[in-house]
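Peer 1: Structure in structure tokens, see below.
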Amino acid sequence: MLKQAIKYYKPYKFLFLIDLLCAVAVAVIELLFPYAISHIVDDLLPLGKWDEMVKISLLLVLAYFINTFLYMVIDYWGEKLGMYIENDLRNDLFTHLQKMSYQFFDNNKTGQLIAKVTNDLHQIGTVAHYAPEQFLVAGSMLVTTVIIMMSISKMLACLIVINVGLLLAVNINFTKVMVNISRRLFGNVEEMSAELEENFAGIRVVQAYCCEAHQRETFQKTTERYCKRQQEGFLRMAACNGITYFVTKLLPVLIILAGGWLALHGRISEGQFFSFILLTNLLLKPVEMLSNFAARYPKGIAGFQNFVELMKIEPDIKDREDAVELEQPKGEIVFKDVNFSYEEGKTVLENLSLTIREGETVAFVGNSGSGKSTICGLIPRFYEISKGSIHIEGKNIQDIRLKSLRQHIGVVAQDVFLFSGTIEENIRVGKQDASEEELWKAAKQANLYDFIIEQPKGMKTMIGERGIKLSGGQKQRLSIARMFLKNPPILILDEATSALDAENEMEIHRSLRELSKGRTTLLIAHRFSTIKDASRIIVVEPGGTIQEGTHEELMKGNGIYKKLYELQQNALTNDRLSGKE
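This is the structure:
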């Protein structure tokens with residue numbers, strides 16, 4: 004963990020060096036005052052050297068003026084250093100999470116991951132700034148002060164060392180305990196974040212089903228667990244602070260008694276006695292610094308531990324070292340003996356072999372959970388196969404760079420995800436460097452043009468979080484505009500119209516037919532009316548495919564396709580007769 008921490012200091016080694024040098028200089032200057040007092044009491048006062056006393060006082064004023072400037076440098080540059088490191092950690096974690104597969108996000112709650120990127124790293128900047136500085140300053144002050152004390156009185160110095168050693172041991176143990184408590188606290192915060200994200204995202208369902216009371220009760224239980232965990236930390240902190248307070252107040256009293264006895268018996272001078280008292284107070288400063296570290300920084304340490312653990316998780320789908328670019332594919336896709344399972348022991352596809360020809364439109368049908376979407380999701384490597392291989396233009400997709408592979412595949416899904424920006428920003432997802440002319444062309448091709456020009460701000464119209472200000476049809480057309488802009492040779496339409504009304508569905512189908520021209524298209528749909536014109540229809544059941552052919556060929560047989568088709572037609576007929584359509 005230390006190696007990873009050091010890595011983040013390297014880009015800012017100049018800032019780090021300035022911070023440490025200033026901190027050490029401050030510590031050294033602080034030691035001048037006890038030495039000056041000893042010199043004044045023992046050497047100058049008995050001889051009445053007022054001029055010398057004034058000179059030393061002026062030098063001390065100058066020293067403290069310099070220290071004031073150094074403290075300002077430490078506060079500004081040190082905080083800046085911490086901010087930079089915290090920012091780098093957060094960006095690195097975000098970049099790392101972007102590389103994770105769908106399976107990782109399937110198994111982790113969004114709110115928890117958000118908390119790890121935001122809350123867990125919140126205190127790291129403070130630790131990054133103060134931890135090295137305070138350890139160095141406190142350590143150097145402790146060692147230097149003890150050496151000076153030893154030169155005055157070994158007995159008093161030993162008394163100090165024993166008490167300070169016990170105090171440091173208590174604080175080190177406390178820090179370890181608080182780091183563990185802080186990590187559990189972060190777990191509670193992540194749990195709260197997950198519940199909040201889920202509740203706010205589903206607020207329409209919550210209000211429609213009058214679930215507010217249940218949701219409130221669930222959230223209150225989570226916050227109660229968080230409060231109990233905090234109370235556990237408060238109890239430990241109170242005990243540690245109490246011990247620290249007692250020892251730091253006891254030490255000067257012990258020094259006054261022991262030092263006074265030594266001074267009365269001529270073992271040390273009066274100046275040395277006063278100097279020792281001042282040195283004791285000075286020694287307590289680094290002790291308090293370390294005590295404050297124990298109280299303030301466990302959250303930062305715990306956050307960094309969580310960061311390191313998350314960064315250690317390797318993406319289960321990544322580029323091979325010798326991965327190549329996919330150069331202008333025409334769209335032939337071949338599955339060879341492919342096996343896949345989401346969980347061990349639960350096979351979804353087994354020994355699937357399938358060839359999809361260039362420019363062909365292939366429809367996949369079957370019951371829910373049969374594996375239709377899984378087959379299509381394996382092509383862009385959203386999930387990784389467990390056995391066999393998938394080839395595009397004769398190249399194994401595992402030998403192709405992920406970015407290159409996905410640049411040539413477009414996906415239009417039922418659940419359209421839109422970003423909370425403008426129409427333009429959301430269309431531009433298809434091609435970041437698209438010209439304005441290309442944007443408008445894509446909008447026209449997706450039948451979105453009329454809607455956009457009706458808006459006062461046109462392309463700059465804000466669509467709300469996840470496109471909340473748009474209708475279902477408008478969202479889907481915006482998604483299709485992205486695909487026209489991306490212009491991929493391979494297209495996956497995953498139930499792209501199943502959530503739309505009849506009028507919108509017809510309009511979207513016209514756009515999709517236009518989009519599919521000249522592309523290898525994989526079509527998943529529940530409504531058989533949308534797939535009848537496909538070049539080939541493949542019937543999928545758990546484990547793999549069982550039937551394939553055109554609509555006419557499959558209807559001639561007596562297989563599952565015909566049964567599913569007739570079942571749907573009968574349902575539609577019954578709906579019409581009952582007046583539902």
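The sequence shown maps to residues 4 to 584 in my numbering.
We put the beta carbon where it would ideally sit given N, CA and C, even for glycine.
(1) What did DSSP end up calling residue 116 once you bin it into helix, strand or coil?
(2) Use the C-beta contact count for residue 253: other C-beta atoms within 10 angstroms, 16 or more gives buried, fewer gives exposed.
(3) Are the beta-carbon atoms of residue 375 and residue 367 separated by less than 7 Å?
(4) Considering only C-alpha positions, which residue in the set 79, 138, 380 and 418 is nearest to residue 471?
(5) Near residue 76, which residues of its chain fall below 6 Å by C-beta distance, leaving aside the five closest residues on each side in sequence?
(6) Pull up the DSSP beta-bridge partners for residue 180, would you.
(7) Can you tell me the Cβ-Cβ gap for residue 127 and residue 306, rounded? I've got them flagged as a contact below 8 Å.
(8) Quick one, which of 179, 169, 232 and 151 has its alpha-carbon nearest residue 188's?
(9) Extract the residue ranges of the beta strand (DSSP E) inside the segment 85-169, only unbroken runs of 3 or more that lie entirely within it.
(10) Does residue 349 pass the burial test, meaning 16 or more other C-beta atoms within 10 Å, or should it be called exposed?
(11) Just to confirm before moving on: does the CB-CB distance between residue 140 and residue 30 stay below 7 Å?
(12) When you compare the CB positions of residue 11 and residue 91, do they come within less than 7 Å of one another, or not?
(13) Return the CA-CA distance between residue 155 and residue 71, expressed in angstroms with no decimal places.
(14) Distance check for residue 312 and residue 525, CA to CA, integer angstroms please.
(15) Taking contact to mean at least 3 C-beta pairs separated by less than 8 Å, is the segment 156-163 in contact with the segment 262-269?
(16) From 215, 34 and 99, pick the residue whose C-alpha is nearest to that of residue 286; which is it?
(17) Go ahead and label residue 14 buried or exposed: buried means 16 or more other beta carbons lie within 10 angstroms of its beta carbon, across all protein chains shown.
(18) Can you tell which of 115, 416, 110 and 272 has the C-alpha that lies nearest to the C-alpha of residue 479?
(19) Would you tell me roughly how many angstroms separate the C-alpha atoms of residue 401 and residue 547, rounded to the nearest one?
(20) Leaving out the 5 sequence neighbours to the left and right, which residues in its chain are closer than 8 Å to residue 261 when beta-carbon positions are compared?
(21) Taking all protein chains shown into account, decide if residue 584 is buried (16 or more other Cβ within 10 angstroms of its Cβ) or exposed.
(22) Looking at the structure shown, is residue 212 part of a helix, part of a strand, or coil, going by DSSP?
(23) Rank 116, 87, 172 and 95 by C-alpha distance to the C-alpha of residue 130 and give the top, closest one.
(24) Alpha carbon to alpha carbon, how far is residue 482 from residue 95? Give it in angstroms, no decimals.
(25) According to DSSP, is residue 420 helix, strand or coil?
(26) Is the segment 334-352 touching the segment 381-398, taking contact as three or more C-beta pairs under 8 Å?
(27) DSSP on residue 533, reduced to helix/strand/coil?
(28) Just the C-alpha distance for residue 543 and residue 234, rounded to the nearest angstrom, thanks.
(29) Per DSSP, what kind of secondary structure is residue 472 in: helix, strand or coil?
(30) Can you check DSSP and say which residues form a bridge with residue 539?
(31) Just to confirm the assignment: which complete beta strand (DSSP E) runs, minimum length 3, are found wholly within the segment 327-389?
(32) Give me the Cβ distance between residue 608 and residue 209, rounded to the nearest whole Å; I'm assuming they're in contact under 8 Å.
(33) Among residues of its own chain, excluding the 5 on either side of residue 357, which ones have a beta-carbon nearer than 6 Å to its beta-carbon?
(34) Roughly how many angstroms lie between the CA atoms of residue 404 and residue 390, to the nearest whole one?
(35) Taking 7 Å as the threshold (C-beta atoms), are residue 185 and residue 618 in contact?
Peer 2: Reading it off the structure:
(1) helix
(2) exposed
(3) Here residue 375 is near residue 367, since their CB atoms are less than 7 Å apart.
(4) 418
(5) 25
(6) DSSP output for residue 180 lists no bridge partner at all.
(7) 5 Å
(8) 232
(9) none
(10) exposed
(11) A contact, by the Cβ cut-off of 7 Å.
(12) In terms of Cβ geometry, residue 11 and residue 91 form a close pair [threshold 7 Å].
(13) Their backbone Cα atoms lie some 29 Å apart in a straight line.
(14) 39 Å
(15) yes
(16) That would be 34, whose Cα lies nearest to the Cα of residue 286.
(17) exposed
(18) 416
(19) 21 Å
(20) Closer than 8 Å at the Cβ level, and outside the excluded window around residue 261, lie 158, 159 and 162.
(21) Residue confidence for residue 584 is low, a pLDDT of 45 falling below 50, so the modelled location carries little weight and cannot support an answer.
(22) coil
(23) 87
(24) About 29 Å.
(25) Per DSSP, reduced to three states, the secondary structure at residue 420 is coil, with no helix or strand assignment.
(26) Output reads yes: the segment 381-398 touches the segment 334-352.
(27) helix
(28) 56 Å
(29) coil
(30) 365
(31) 336-346, 349-359 and 364-368
(32) What the structure shows of the chain is the stretch from 4 to 584, and residue 608 is not part of that stretch, so it cannot be assessed.
(33) 338
(34) 19 Å
(35) Residue 618 is absent from the model: the chain starts at 4 and stops at 584.
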